[in-house]
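Numbering (this note's numbering), first residue to last: 109 to 289.
Notes for the one structure printed next.
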């Protein structure tokens, strides 16, 4: 039973991340539609807002909730909480902290969604683009923490993560320059 629950947990993590990756993209498209003529802007934004709402409440929120429930179930069934403060369980503690940060990111998207719904979102497309990279960094961090589990390797993983962040920021800046030409 444990492996089935673990498999379902991984599946819902994937669907949750799909939403976390795409929600900010939809917000970016909604913001960028402000540059269109009024009739185009209205049509585009209304359609994107429908897509955003369906993705957020139909996939992302349910996946986050089910991921949480199944994650607790897996941790309890696998006795992971018993080792969290022991030497061999440090990776699990790191994972828990990273997952808490991921839920914090999720709630930040809820805040942005509420602002957008009330026509009070005052962030630029560029700012949302940067914010959209947070789940990528967290995904890399969580996967490496779970797979590697060793502190020296984890240190090198964090170094690689910092390099990844620099590459992502550089890519966003290059994209902005390319797009403005």
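Every residue gets a Cβ at the ideal spot worked out from N, C-alpha and C, and that includes glycine.
Here the structure is a predicted model, which means the values were calculated and not measured.
At the C-beta level, residue 132 and residue 227 stay beyond 8 angstroms of one another. In the structure shown, residue 240 falls within a coil segment according to DSSP collapsed to helix, strand and coil. The three-state secondary structure of residue 191, taken from DSSP, is coil.
Here residue 150 is exposed: its Cβ has fewer than 16 other Cβ atoms, across all protein chains shown, within 10 Å. Within the same chain, and ignoring the five residues on either side of residue 109 in sequence, the residues whose Cβ sits closer than 8 angstroms to its Cβ are 185. Taking the C-beta atoms as reference points, residue 208 is found no nearer than 8 angstroms to residue 246. Taking 8 angstroms as the cut-off, the beta carbon of residue 217 is found no closer than this to the beta carbon of residue 229. Between residue 128 and residue 213, the C-beta gap is smaller than 8 angstroms, which places the two residues in contact.
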